[in-house]
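Comments concern the structure below.
See below:
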């Protein structure tokens with residue numbers, strides 16, 4: 001093959017133009033021929049034309065030699081069915097109804113979420129406001145360190161410094177006010193002390209039956225403690241006050257029992273192990289007073305005996321504060 005330097009302009013003349021063959025030719029990229037003679041531009045143009053023709057011939061020959069491509073669908077495709085056009089019908093009324101329902105549900109859900117969020121925000125704001133109010137309007141009791149209203153302490157002290165005795169009195173005072181508020185909240189009755197003893201007479205028969213061995217919740221309870229040897233410590237461990245009637249009511253009831261049943265109890269103690277186990281006084285305090293208080297609470301609140309016993313226990317602390325000994 002001749003070198004590039006041996007090629008003359010005459011070789012590219014029309015008379016010597018080579019035919020398009022598959023003969024390999026050397027193609028030199030543009031700009032790499034180096035120095036050229038005066039006819040280099042004409043030779044370059046002619047060479048480009050020949051190269052283009054040769055490439056076109058090669059592509060046509062190569063394309064014609066390849067077999068025609070044909071797409072063959074897999075066998076599994078034939079098992080697939082085209083979706084029904086009725087399902088995708090744009091005017092389907094069911095889809096429209098579903099869209100409307102979903103839209104309505106979305107709006108309702110959004111409203112519920114907004115209302116719930118607003119309710120929580122309102123509650124939080126209320127709690128914060130209440131906490132701020134308490135910080136500015138409350139102080140601590142100098143005796144028990146419980147939170148109390150500033151105005152209550154200032155009104156009691158009247159600008160003076162409280163000594164130990166006055167601090168104890170103030171503590172008792174604010175506890176009583178708190179107890180009274182709880183009393184009103186639970187709707188306990190106001191005790192008519194002048195008529196209280198007259199109410200006892202209506203229950204004398206029941207009390208007499210208990211003394212004679214009749215059925216009694218508190219008598220059975222005392223009997224069980226005596227069997228276990230716990231009766232002598234009972235007064236120290238238990239609050240024997242008759243619920244919200246308090247220590248004052250306890251004293252009034254005990255006085256009535258002693259005057260009404262004192263002699264009978266002494267007689268019964270000889271043969272009654274429950275009465276003799278702790279003495280007639282303890283029987284009055286732990287059995288007869290409790291049974292009488294249950295009957296009075298039933299009258300006051302219109303409840304069953306079981307509920308009255310529950311109220312008796314849960315209201316003892318209030319009774320201690322509100323109805324003290326006189």
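In the UniProt record's numbering, the protein residues as written are 1 to 326. Cβ atoms here follow ideal geometry from the backbone N, Cα and C, with glycine treated the same way.
Identified DSSP bridge partners for residue i
i, result
"residue 142", "In DSSP, residue 142 forms no bridge with anything."
"residue 215", "DSSP lists no partner for residue 215."
"residue 326", "None; residue 326 has no bridge partner."
"residue 148", "139"
Residue range of the unbroken alpha helix (DSSP H) whose run includes residue i
i, result
"residue 310", "305-314"
"residue 247", "246-268"
"residue 300", "289-301"
"residue 277", "273-278"
Residue environment, residue i, which counts as buried when at least 16 other CB atoms sit within 10 Å
i, result
"residue 327", "Only positions 1 to 326 of the chain appear in the structure, and residue 327 is not among them; the question remains open."
"residue 327", "Any question about residue 327 goes unanswered here, given that the chain covers just 1 to 326."
"residue 227", "exposed"
"residue 120", "exposed"
"residue 126", "exposed"
"residue 309", "buried"
"residue 161", "exposed"
"residue 265", "buried"
"residue 294", "buried"
"residue 273", "exposed"
"residue 252", "buried"
Where the beta strand (DSSP E) containing residue i begins and where it ends
i, result
"residue 189", "Note, residue 189: premise wrong, no beta strand (DSSP E); not H, not E."
Other residues of its chain near residue i: CB distance less than 6 Å, five sequence neighbours each side excluded
i, result
"residue 257", "284, 288"
"residue 306", "none"
"residue 239", "316"
"residue 156", "170"
"residue 290", "218"
Neighbourhood of residue i by C-beta, 8 Å cutoff - its chain only, sequence neighbours within 5 removed
i, result
"residue 319", "241, 242, 243, 244, 245, 246, 247, 249"
"residue 140", "146, 147, 148"
"residue 138", "147, 148, 149, 150"
"residue 197", "252, 256"
Contacting residues, own chain, Cβ-Cβ under 7 Å from residue i (five flanking each side not counted)
i, result
"residue 180", "322"
"residue 152", "174"
"residue 268", "211, 275"
"residue 314", "none"
"residue 143", "167, 168, 170, 171"
"residue 176", "321, 322"
The segment 188-204 contacting the segment 296-306, beta-carbon criterion three pairs below 8 Å: Below 8 Å, enough C-beta pairs join the segment 188-204 and the segment 296-306 to call them touching: three or more.
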